[in-house]
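For reference, each letter of the sequence shown is one residue, going 2 to 611 in the numbering used here.
Every residue, glycine too, gets a C-beta built ideally from N, C-alpha and C.
Report on the structure given below.
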Amino acid sequence: MLALSACAAASPHEALAQDDGPGERRVIVVVMPEGINLATLSAIPDAAVALMSGGIGSVPASQTYLDITQGARTNASVYPEDVPLVLVNPVRGVQPAKWRIVKRRAREAPAEVEPGLLGSALQAAGLPTRALPEAGNAGVIAVNREGELDVSRCRACPGLTVTASRVSTVVDLALDRRPGDLLIAFERPPADRRDQLSVAIVGLGQGVLHSDSTRRDGYVLSTDVAPTILSHLGVEIPDAMAGRPLTVNPDSDLAAVQELEERMGAVGERRRSALGVNLLIWLGLVVLAGLAFRRRGLRVALPLLAVSAAYLPTVLLLTAALRPSATGEQVIAGVLSPALALVTLLLLRGWGALALASGVTVVAHAVDVIVGSPLTSLSLMGPNPALGVRFFGIGNELESALTALLMVGVGAGLAAWWPNASSAQAAIVFAGAALLGVAAFAPGRFGADVGAAIVIPVGAAAAIAAYAGGGRGRVLLILAAPVAALAALMAIDLALGGDAHLSRSVLEAGGLDEVGQVAERRLRLSAKSFANYSDSIALWAAVAALLAGIVWRRRVLSWFERPAARAGFLGAAAATLVGTVANDSGALILMVGTAVTSLCAAYAWAGRRA
């Protein structure tokens with residue numbers, strides 16, 4: 002079985018030949034040099050390959066190794082201090098002083114992370130763990146919760162062995178692997194290719210690795226490694242491990258994984274051009290129209306801008322499918338969105354154009370996530386899996402945009418096609434749309450976005466209250482809506498087996514302390530997001546627009562001559578404000594949501610009677 006010889010000069014063939022424990026399963030983890038691609042790993046005999054996320058964002062190698070042994074990870078910004086360089090002495094193991102820092106960071110972080118959990122779980126089951134001297138700092142993977150690490154060599158090595166070597170050694174180990182053994186080899190972090198690591202596993206079957214954590218073939222998490230090891234060795238996976246055991250899809254295409262790697266690397270780079278630059282160009286043209294034709298120019302340009310922005314997420318779904326060049330994607334987004342908007346405005350008068358554009362975008366994304374298409378997650382407005390935070394469904398940017406467009410679209414639709422709806426009828430429409438939105442975007446089986454279960458009901462409740470009027474009952478309705486939606490989401494997720502983040506972080510929490518950790522972590526990350534965007538013009542423009550809307554709220558609301566359109570606008574504004582507080586990307590949600598509501602107000606101003 003998998004083992005390494007007692008002497009450094011021994012070949013993998015000799016090491017395995019000396020193994021005299023055929024009845025015991027073993028796992029060897031090999032950390033390979035940087036720069037190894039998937040094509041190289043796919044040549045390893047009987048290997049299943051994938052890309053592996055090494056952390057949330059760019060993290061040092063020490064954090065990746067700790068995340069592996071924890072089987073769980075959290076955003077680096079919520080730790081009280083930076084991860085230390087966890088050195089492993091080839092004789093004494095992990096430095097005690099460094100391990101005390103590691104334990105303190107984990108203890109004070111608002112998350113359930115236990116460094117050394119993998120090693121302790123194996124040792125409790127009677128399976129030893131060790132790291133060979135050449136493993137270097139990667140030996141942390143085998144450490145237990147007390148920071149103890151066996152760095153001595155052995156001839157017969159049951160349990161877990163961690164080492165470091167070249168691909169050629171991995172090939173030799175794969176050739177000499179005996180039934181029941183598992184070989185895991187991955188590229189040394191941090192990756193030099195947009196933070197994605199190449200990984201290969203021999204012993205699960207040949208093909209492409211699949212992760213239930215990411216719901217993807219070909220893209221796995223570092224936190225999936227520990228559960229995979231424990232599952233293979235027949236050891237119960239601790240509740241504190243958030244990762245999931247990896248499986249293999251023998252029919253998946255390696256070329257598709259390579260395309261996935263290329264696209265994920267391009268998403269972050271292209272957002273600035275296809276989104277930011279195009280929006281600035283559109284805004285510049287609106288300003289020119291206002292300067293050249295004054296009020297008459299703005300009455301034409303502002304609706305065109307609002308409807309173009311509403312269509313933009315749908316167009317970016319199309320470019321995610323077409324996979325054009327960076328320039329091609331920017332041109333398609335910059336030209337096709339206004340073209341669709343122009344045609345829509347020519348065909349539909351009043352609020353109908355904005356209602357259609359908003360509806361198309363919301364429905365297109367709802368269908369995409371429900372059928373399990375990868376387009377939403379690969380869209381430039383999608384969750385950007387390369388960041389290591391969200392891998393399917395909708396991300397925070399899209400959540401904010403879709404929620405605001407849902408409220409604005411329903412209000413605009415009522416204003417255009419059912420202007421005389423009673424309060425009860427309008428309430429049914431808003432509530433029905435919210436229910437469908439939550440069903441599409443919130444359950445773990447589809448969208449995996451708990452925030453949608455909060456902000457969409459809040460937006461609908463605020464819209465209903467604004468349309469119907471009222472006092473104390475309106476406040477109670479707004480407060481009760483997200484609570485009812487969260488309860489419904491829990492029931493849906495349990496029934497469908499969606500394994501959503503809500504179920505795993507709240508329903509499976511060990512008590513109120515752990516629920517509080519979830520809330521604290523989200524608040525910390527939200528506050529951090531404002532610090533990260535503190536030098537962004539877009540953030541300060543959003544804050545200025547919000548303050549202006551509050552100060553001149555009576556004038557702004559007077560632009561909405563149809564009560565339903567005004568209700569949809571207020572619902573979008575309420576959802577944006579609550580999402581800013583309740584989500585972990587507050588600044589981003591504020592910017593996107595404020596942009597949508599501001600464009601809705603501009604549309605109302607342009608369409609009012611002079």
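Which of helix, strand or coil DSSP assigns to residue i
i	result
residue 533	helix
residue 38	coil
residue 53	strand
residue 114	coil
residue 434	helix
residue 154	coil
residue 132	strand
residue 178	coil
residue 101	helix
residue 26	coil
residue 564	helix
residue 147	coil
residue 228	helix
residue 571	helix
residue 458	helix
residue 584	coil
residue 393	coil
residue 254	coil
residue 120	helix
residue 59	coil
residue 137	helix
residue 84	coil
residue 127	coil
residue 443	coil
Segment limits, alpha helix (DSSP H) that includes residue i
i	result
residue 78	It is not in any alpha helix (DSSP H) - residue 78 carries neither H nor E in the DSSP assignment.
residue 291	279-323
residue 594	587-608
residue 273	First-last for residue 273: undefined, no H or E at that position.
residue 554	554-559
residue 236	Taken as a continuous stretch (DSSP letters only), residue 236 belongs to no alpha helix (DSSP H), as it is neither H nor E.
residue 369	353-371
residue 243	Taken as a continuous stretch (DSSP letters only), residue 243 belongs to no alpha helix (DSSP H), as it is neither H nor E.
residue 403	397-418
residue 333	327-348
residue 423	Element bounds for residue 423: n/a, residue is neither H nor E.
residue 380	Segment: none, residue 380 is in no alpha helix (DSSP H) and carries neither H nor E.
residue 63	62-71
DSSP beta-bridge partners of residue i
i	result
residue 187	32 and 200
residue 249	210
residue 222	54
residue 470	None, per the DSSP bridge assignment.
residue 94	90
residue 217	212
residue 48	203
Extent of the continuous beta strand (DSSP E) run through residue i
i	result
residue 160	160-165
With a threshold of 8 Å, are at least 3 pairs of Cβ atoms found where one atom belongs to the region 586-606 and the other to the region 426-445? The region 586-606, when compared against the region 426-445, does not touch it at the 8 Å Cβ threshold.
When the Cβ atoms of the region 279-290 are set against those of the region 259-270, are three or more pairs found closer than 8 Å? Result no; under three Cβ-Cβ pairs closer than 8 Å.
Just checking, does the region 90-97 make contact with the region 47-66 on the three C-beta pairs under 8 Å criterion? Cβ pair count under 8 Å is below three, so no.
Can you find at least 3 beta carbon pairs, one from the region 420-433 and one from the region 359-375, that sit closer than 8 Å? Taking a cut-off of 8 Å on C-beta distances, the region 420-433 does not touch the region 359-375, as fewer than three cross pairs fall below it.
Can you find at least 3 beta carbon pairs, one from the region 564-571 and one from the region 432-441, that sit closer than 8 Å? No, they do not touch.
Between the region 454-469 and the region 408-415, do at least 3 Cβ pairs fall closer than 8 Å? In short, these stretches touch, since the Cβ pair count reaches three.
How about the region 36-49 and the region 201-219: do they share at least three Cβ pairs that are nearer than 8 Å? Contact between the region 36-49 and the region 201-219 is established, with three or more Cβ pairs separated by less than 8 Å.
Could you say if the region 574-594 and the region 395-402 meet the contact criterion of at least three C-beta pairs nearer than 8 Å? At 8 Å Cβ cutoff, the stretches touch.
How do the region 74-85 and the region 31-39 stand: do at least 3 beta-carbon pairs fall below 8 Å, yes or no? With the cut-off at 8 Å, the region 74-85 and the region 31-39 do not touch.
Check whether the region 110-124 and the region 135-148 touch, using three or more Cβ-Cβ pairs below 8 Å as the test. By the Cβ rule, the region 110-124 counts as touching the region 135-148, because three or more pairs are nearer than 8 Å.
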